[in-house]
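One structure is given below, encoded as structure tokens.
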Amino acid sequence: MSLIEFSAQRRFDSITIDASFTADAGVTALFGASGAGKTTVVNMLAGLERPDSGRIVVGGMVLFDSDQGVNLAPEHRRLGYVFQEDRLFPHFSVARNLTYGGKGGYTKDRPVDMGLVTKLLGLAHLLDRRPATLSGGEKQRVAIGRALLANPAILLMDEPMAALDATRRAEILPFLEQMREQLDIPIVYVSHNVDEVLRLADTMVVMGEGETKASGPVAEILSRIDLRQWTGIHDAGTVITATVGDQADDGLTALKFNGGALQVARLHLTPGRQVRLRIHAKDVSLALEKPNKISVLNIFPGKILEVSQTKGAQADVRVDIGGASWPVPIWAQVTKRSATDLGLAPGTKVFALVKALAVDREDIGPGPNTGHS
Amino acid sequence: MTPVEIEALRLSLKVALWAVGVSLPFGVLVAWLLARREFPGKLLLDGIVHLPLVVPPVAVGYLLLVVLGRNGAVGGWLYDWFGITLIFTWKGAAVAAGVMAFPLMVRAIRLSMEAVDARLETAARTLGASPLRVFLGITLPLIAPGILAGVVLAFARSLGEFGATITFVSNIPGQTRTLPLALYSVMQTPGGEDAAVRLVLISIALALAAIFASEIIARRLTARLTGKKPRRGR
Amino acid sequence: MSFRFLKTALVSAALVLGSLPAIAQETVVIFAAASTTTAMDELMDQFEAAHPGVDLRASYAASSILARQITSGAPAHIFLSASPQWMAYATERGTIDEASRFDLVSNQLVLVAAPGAQMDVTIGPGFPLVEALDGGRLAMGDPDHVPAGIYGRQALESLGVWTATEPLVARTMDVRGALALVERGEAVAGIVYATDATLVDGLTVVGTFPADSHGAIVYPVAAVAGTGTEASGAFLEFLKSNQAAEVFARHGFGPA
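Residue numbers (the numbering used here), protein chains in the order written: chain D, 29 to 401; chain Z, 60 to 293; chain G, 30 to 285.
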């Protein structure tokens, strides 16, 4: 049985919601364009919006069931919610904001400890301050801490970084990654930002026009081009899992995967760690013969699986560069003209070329099940 | 000050304090209903609450007479079941003052409630707080300045209430002869100018005192709410 | 809109406006004691019907209020007071055209009881009013300034029962207020003009106060100084007529 079972339908004036998905422990990303209905789904989970019909179960507790007439009030659902705006209580100090959820709110057993959360989110020096005197990033961190300290069964986050600028976002993302690793609370994370999803999420649910279009592991979902219209990711790409290998002196790190080793510009990662990385299709070139005397370091032999003609000048080509035991399909984007000239078709043996410098920090996220002790 | 003036002052204070004190919980409740809830008949409630503002005070007084007098629908019940008589007593004067001041109180509180971000209240709910706890811990402290404004306005209005009072409870020395009624009497009496001036000065002094007190309290409240020190005005 | 149309419209408007004085509405403002309301309304209707160019407006209130307003410059043409006292007040302050003053009608003071109230008393010296009230209140205009209240106190004083009755008095802003209290049964009894008692059904007139127990309730009427117009003069004359007297009598007033 899954940790989260969600199924809900409701008709609004502007949109009809019909969403279903299940999720297990870890971070589940609710992904989609604005207006896709993601916030509504989270609000239904929270009890702030009421579906016309459906069934919502979290951790074995039935939150909503239209057939049985069950509809728990938000304060009885044992969840924590981090909104886009911090929504801190202006007349309380930071410390009092943080502990609000604990008083008579949820149960008294508190495995989520104030000291841990304060340290995790870097709030120790802010405890006596008032929200009005904090910066945007600090406020959002307090909001996250407050939700955690309510000892929720699950944490909901609705684009918590949408209201922050790039610097603040860069500041908070590491905190969230740490949180994900050190705490055992499942998280539902709404976002329309691929980078955030890549770095934080394990499962991904894609929504469009009020419906759930697909759900599954992040790597798989992000690699599917049939979901492009919902994900808004028009540059195709592939997400593969690799293990961090040696760091060479000349500034390159080897990422080992089933098709060989991918050289990338040095990353500060611990060797042996598993990571997820995204290879943009437009950074992948194809050749019928193995080129030599070429600057590209990453050259992988492979076989074409499919050639997909899109509108415009480009063609998306799917190539399996994996070894004998395990396929590793990646996307390459070439011009239609080249595809025709080279006679690219399923079954053709090709070489895939990936520039080492094309893969950057933004494209790298944690591997599956990293850090859950 | 003459005995008449002292009595009028004492009575005015008593009537105004009771009027505001008793109507405050209702004021908060009605303001909350109008600010936060949707329900059939909401527009009607809004209209009824505002009636004393737009209808002649004497008309309101007459309505009170019909409903709350000893022979009135509610007044008769109050007398039969609780032995309470409102007409011809300071309690009736307090009711008249409270009714006339009610719309002012509700407006001020409702305005401040609408200014409080309802999203804060939602956030509190998601943290496990019951609606009551949200109201007491979040809403109430944040609307405190608005409640204060409503109370001061209502108090001042009660102090000055005349038309509804004299029509409902008439002028009874010692029971209902508040400052405005006493003032009216001496104004109508030839040679009463000196007394009139004194009563006017007393009324003004009272009003100023109320405003002054509320200003000080408001500043303290705002400082506590935002954690900032109040700036000294120029 | 063409310029030609505009010109035609302007000329037409000017012609119409210029011819208005020929069918002018003349307004006469009358300040009258509240107790004369129904009688005066009827008289004004009659006068307006006979004089189409005149628009009569009346403001009814306690004579004390009206006198104060007139001496403060209120735009009245005629003042009808329920007591000579307040007419004298206005005259002293130079706001009355003394030559136009005359006594219009008279009234009597009655004791009325609320519907269903038992008041078995005969008005006379030392009569048991307090006992008859039996803890209830006596409604009357404020004896400090409302004419009906002043007459009422005079009557009760001369009958020797004022001191005992005073604590039980409910003082109202005008006679109509006292009437309302008795009509609703909130006050057990009230002192009002004889003319008021006829207005409400169900009121029992317990008795009439002897004319010599109080000052003569005479209603003087006069023009406000410096405001005399043809229409206001005509109305004052009308008030002296037999036709007017008949209307007043029908409403319970006596001759001046």
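Even for Gly, the Cβ is constructed at its ideal location relative to N, Cα and C.
Rounded straight-line distance, which links the Cα of residue j to that of residue i
i: D:R256; j: D:P329; result: 27 Å
i: D:I349; j: D:A57; result: 28 Å
i: Z:P99; j: Z:L201; result: 28 Å
i: Z:V108; j: Z:V79; result: 15 Å
i: D:I322; j: D:V272; result: 25 Å
i: D:R252; j: D:R196; result: 31 Å
i: G:V211; j: G:P113; result: 27 Å
i: Z:P62; j: G:G165; result: 26 Å
i: Z:L68; j: Z:L238; result: 6 Å
i: D:G340; j: Z:S171; result: 57 Å
i: G:A96; j: G:Q54; result: 27 Å
i: Z:K101; j: G:F267; result: 55 Å
i: G:F108; j: G:V141; result: 28 Å
i: G:G181; j: G:L138; result: 7 Å
i: G:R33; j: G:A43; result: 16 Å
i: D:S243; j: D:V55; result: 13 Å
i: G:A184; j: Z:P249; result: 21 Å
i: D:G65; j: D:E237; result: 7 Å
Residues that residue i contacts on chain Z, provided the C-beta gap is smaller than 8 Å
i: G:E215; result: L124, G128, R129, N130, I146 and F147
i: G:G206; result: I225, T226 and S229
i: G:R97; result: M246 and Q247
Nearest candidate by alpha-carbon position, reference residue i, set the options
i: Z:V158; options: Z:S189, Z:L242 and Z:G120; result: Z:G120
i: D:A181; options: D:T44, D:L107, D:G130 and D:V378; result: D:L107
i: D:Q96; options: D:M207, D:D80 and D:V110; result: D:D80
i: Z:I276; options: Z:I206, Z:V81, Z:G106 and Z:A152; result: Z:I206
i: D:P355; options: D:G300, D:P299, D:N286 and D:L370; result: D:N286
i: G:R85; options: G:T124, G:Y222 and G:Q75; result: The sequence shown places Leu at residue 85 of chain G, not Arg. The shortest Cα separation from G:L85 among G:T124, G:Y222 and G:Q75 belongs to G:Q75.
i: D:P188; options: D:A178, D:L204 and D:L177; result: D:L204
i: G:A90; options: G:A38, G:G82, G:L35 and G:V175; result: G:V175
i: D:D254; options: D:A160, D:N320, D:L228 and D:W359; result: D:W359
i: D:H104; options: D:F111, D:V110, D:G75 and D:G87; result: D:G75
i: G:N271; options: G:E77, G:E259 and G:V134; result: G:V134
i: Z:Q234; options: G:L208, G:V204, G:R205 and G:A199; result: G:A199
i: D:S121; options: D:D156, D:L314 and D:D141; result: D:D156
Helix, strand or coil at residue i [DSSP, three-state]
i: D:H308; result: strand
i: Z:N230; result: strand
i: D:N99; result: strand
i: G:K36; result: helix
i: G:S135; result: strand
i: D:K318; result: coil
i: D:W258; result: helix
i: D:V387; result: coil
i: G:A51; result: Since pLDDT at G:A51 reaches only 45, below the 50 mark, its modelled position is unreliable, and no value is offered.
i: D:K339; result: coil
i: G:A147; result: One detail in the question is off: residue 147 of chain G reads as Gln in this sequence, not Ala. Here G:Q147 sits in coil by DSSP.
i: Z:G142; result: coil
i: Z:L284; result: helix
i: Z:T248; result: coil
i: D:G189; result: Residue identity check: residue 189 of chain D is Met in the sequence provided, not Gly. If DSSP states are grouped into helix, strand and coil, D:M189 belongs with coil.
Chain-ordered neighbours of residue i on chain G, where CB pairs are closer than 8 Å
i: Z:Y121; result: A209
i: Z:I143; result: None at all; the shortest Cβ gap to chain G is about 14 Å.
Interface residues of chain Z facing residue i [CB-CB closer than 7 Å]
i: G:I94; result: Q247
i: G:Y118; result: P249
i: G:A199; result: F147, S229 and I231
i: D:F117; result: L179 and I197
i: D:L76; result: T181
Beta-carbon neighbours of residue i, restricted to chain Z and to distances below 9 Å
i: G:R166; result: I146, F147, S229 and I231
i: D:E103; result: A183, R184, T185, L186, G187, A188, S189, P190, R192 and V193
Listed by chain order, chain C residues near residue i by CB distance under 7 Å
i: D:G129; result: Absent from the structure: chain C. Protein chains present are D, Z and G.
Within chain G, partners of residue i - CB distance below 9 Å
i: Z:S244; result: D171, D173, H174 and R200
Chain D residues whose Cβ lies nearer than 9 Å to that of residue i
i: Z:L199; result: Here the premise fails: no neighbours, minimum Cβ distance about 10 Å.
Can you confirm whether the segment 363-383 of chain D touches the segment 317-337 of chain D when touching is taken to mean that 3 or more C-beta pairs between the two stretches lie within less than 8 Å? yes
Would you say the segment 216-226 of chain Z touches the segment 236-255 of chain Z, given that touching needs at least three Cβ pairs under 8 Å? yes
For the segment 54-68 of chain G and the segment 222-231 of chain G, state whether three or more C-beta atom pairs, one from each stretch, are separated by less than 8 Å. yes
The segment 263-270 of chain D / the segment 298-309 of chain D touching (three or more Cβ pairs under 8 Å): yes
Using 8 Å as the threshold, is the segment 225-236 of chain G in touch with the segment 143-152 of chain G, meaning 3 or more CB pairs across them? yes
For the segment 145-155 of chain D against the segment 215-222 of chain D, are there 3 or more C-beta pairs whose distance is under 8 Å? no
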